[in-house]
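Undergrad: Residue numbers (the numbering used here), protein chains in the order written: chain A, 110 to 286; chain B, 25 to 299. No residue lacks a Cβ here, since even glycine has one placed at the ideal position from N, Cα and C.
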Amino acid sequence: MKKILTLIAIIITFFIIYFLQANFFTWFTINGVMPNLFVIFVLWIGLFIGKKSGLIFGLLFGIYIDILIGKTIGLSGIMLGIIGLIAEYIDKNFSKDSRLTIMLIIAASTAIYEIGIYIFQIIKWKISPEILPFIQTLLIEILFNVILSIILYPIIQKLGNIAESKFKSKTILTRYF
Amino acid sequence: MYKSKKTGVIGITITIIILILIVILSNTDIKEVSYIENILGSIVMPVQNGLTYLKNKIEGNDSFFIELESLKKENETLKQKNSELEQSLRELEIIKSENQTLKEYVNLKEKYQDYQTIPAYIINRDISNFTKTIVINVGEKDGIKPKMTVISDKGLVGYIISTTKSTSKVQTIIDPSTSVSSIITTSREEIIVSGTLESNTNLKATYIPTNATLLENDNIETSGLGGIYPKGIHIGTIKQIINTQNSIDRYAIVETAVDFSKLETVLVITNQVEE
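1) Between which two residues does the alpha helix (DSSP H) holding A:A118 run?
2) Can you check DSSP and say which residues form a bridge with B:Y77?
3) Quick one: does B:R274 have its CB under 9 Å from some CB of chain A?
4) Taking the alpha carbon of B:P170 as the point to measure from, which residue in B:K189, B:F154, B:T155, B:S152 has its own alpha carbon closest?
5) Is there a Cβ of chain A sitting closer than 9 Å to that of B:D177, yes or no?
6) For A:L247 versus A:A220, is the C-beta spacing smaller than 9 Å?
7) Determine the DSSP secondary structure at B:D166, reduced to helix, strand or coil.
8) If I'm right that A:L164 touches A:G183 with Cβ under 8 Å, what's the distance once you round it to whole angstroms?
9) When Cβ atoms are compared, which residues of the region 157-185 of chain B fall closer than 8 Å to chain A?
10) Could you name the residues that DSSP lists as bridge partners for B:T141?
11) Which residues share a DSSP beta bridge with B:R274?
12) For B:G32, which of helix, strand or coil comes out of DSSP?
13) In angstroms, rounded to a whole number, what distance separates the CA positions of B:Y231 and B:P254?
14) Looking at the secondary structure, which residues open and close the beta strand (DSSP E) in which A:L252 lies?
15) Spatial neighbours of A:F286 within its chain, please: C-beta separation below 7 Å, excluding the five flanking residues on both sides.
16) How would you list, in chain order, the residues of chain A whose beta-carbon sits under 8 Å from the beta-carbon of B:F284?
17) For A:I265 and A:M143, what's the separation of their Cα atoms in angstroms?
18) Measure the beta-carbon distance from B:I272 to B:E240 and round it to whole angstroms, keeping in mind my assumption that it falls under 8 Å.
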């Protein structure tokens, strides 16, 4: 029952993030660049819930985003799914109890997500790569996500520990040995 | 990272303040911070005035300060007059703006009289930094189909890429994957304009014929080739011409006629005239 409630809370959080991203962060930007809260959210799911939930939720949320606003159905789904998988891999190999680790994971995941999407767009739409503007925008987006991760870290940890105790209670602490 | 709960809260508060400052500073034009200039100026200016007075005294050039009182009075009168003029100017600006909007609608109706259009509101904007699509509130039930052209009172916006019953996705001309076959209105030379990652207001004009004469402020409109956009829809004006060593590679920056950051309403052309 508690697991179902957690899953419902995840879905509600996704919609809250969607509305934040589509409204608040369209004007609360750094030099016109928005953060990507979906990457942070899918990372959180992968890190703290595990059991391929990062992959599944990443895929589902990404496909939903593509249906709502994207040009290619499935692209965001695949990339968010990959981020979810990476998060689960990181959880098995690194400690996530440090703010710095979380910041680095978020920075790397944002880069992987956006580079993946951009490469796909170059191939699919045959657009000429604009390397410098892309890097510039990407760096600002990474900075924005990292700043948000510093602010959200206590919430990420607290809610993460609650979710982890419900979904991964039997395997907890094994990574430290 | 933080040693206690208190320092943690302080750290987060400082980060939030820094984030807000970065957002404000990165999006604020220097012209919009004149009030800060006033505040900062009020700290420095009295001292600066004193120093100038001393400097003038030393140099024997103090006539300006002797006439200070009369100048103050004159200044007050001028300020009063200035404020009255500003008020009139504001009223005129409002009238001018209303007149302009009405003119644009009349022109639009005349210009695109061959086309049947459906008005629509933008209800969603892209949540990615690398694509520039929008969602409008008309769909299949309003007769909207993919590849229909979307315009605004100023010019070309984009085309419909997909529809649902009540909404449609529009790929704008500023999206990096959009290319529009266009012509320069004065010379009738054909070029291709494409969206860029760099800007939401500029397009890149390429495939410019080597013998073509390009001038800044030349208008660009759709050529009608390519099967999506009808002929003669205004796209923008040439802002800058970038000449390269090889004339084949030269390109131009085209400023879009439509201000996409302020775009709220659009028109979908439902009966495109086949060329």
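TA: By the coordinates alone:
1) Taken as a continuous stretch (DSSP letters only), the alpha helix (DSSP H) holding A:A118 covers 111-128.
2) Partner(s): none; B:Y77 has no beta bridge.
3) So, not an interface residue.
4) Ranking the options by Cα distance to B:P170, first place goes to B:K189.
5) So, not an interface residue.
6) A contact, by the Cβ cut-off of 9 Å.
7) B:D166: helix per DSSP, three-state reduction.
8) 14 Å between Cβ atoms; not a contact.
9) Cβ contacts with chain A: T157, V159, I185.
10) Partner residues in the beta bridge of B:T141, as assigned by DSSP, are B:I293.
11) B:R274 pairs with nothing; no bridge assigned.
12) Of the three classes helix, strand and coil, the one that applies to B:G32 here is helix, per DSSP.
13) Between B:Y231 and B:P254, the C-alpha separation is close to 20 Å.
14) Run containing A:L252: none in the beta strand (DSSP E); it sits in the alpha helix (DSSP H), 240-276.
15) With a pLDDT of 48 at A:F286, under the threshold of 50, the modelled position of that residue is not reliable, and the figure given next carries that caveat. For A:F286, there are no CB contacts under 7 Å within the same chain when 5 residues up- and downstream are skipped.
16) Under the 8 Å cutoff, chain A gives no residues; its nearest Cβ is about 12 Å from B:F284.
17) Spanning the two alpha carbons is a distance of roughly 20 Å.
18) Contact doesn't hold; Cβ gap of about 21 Å is too wide.
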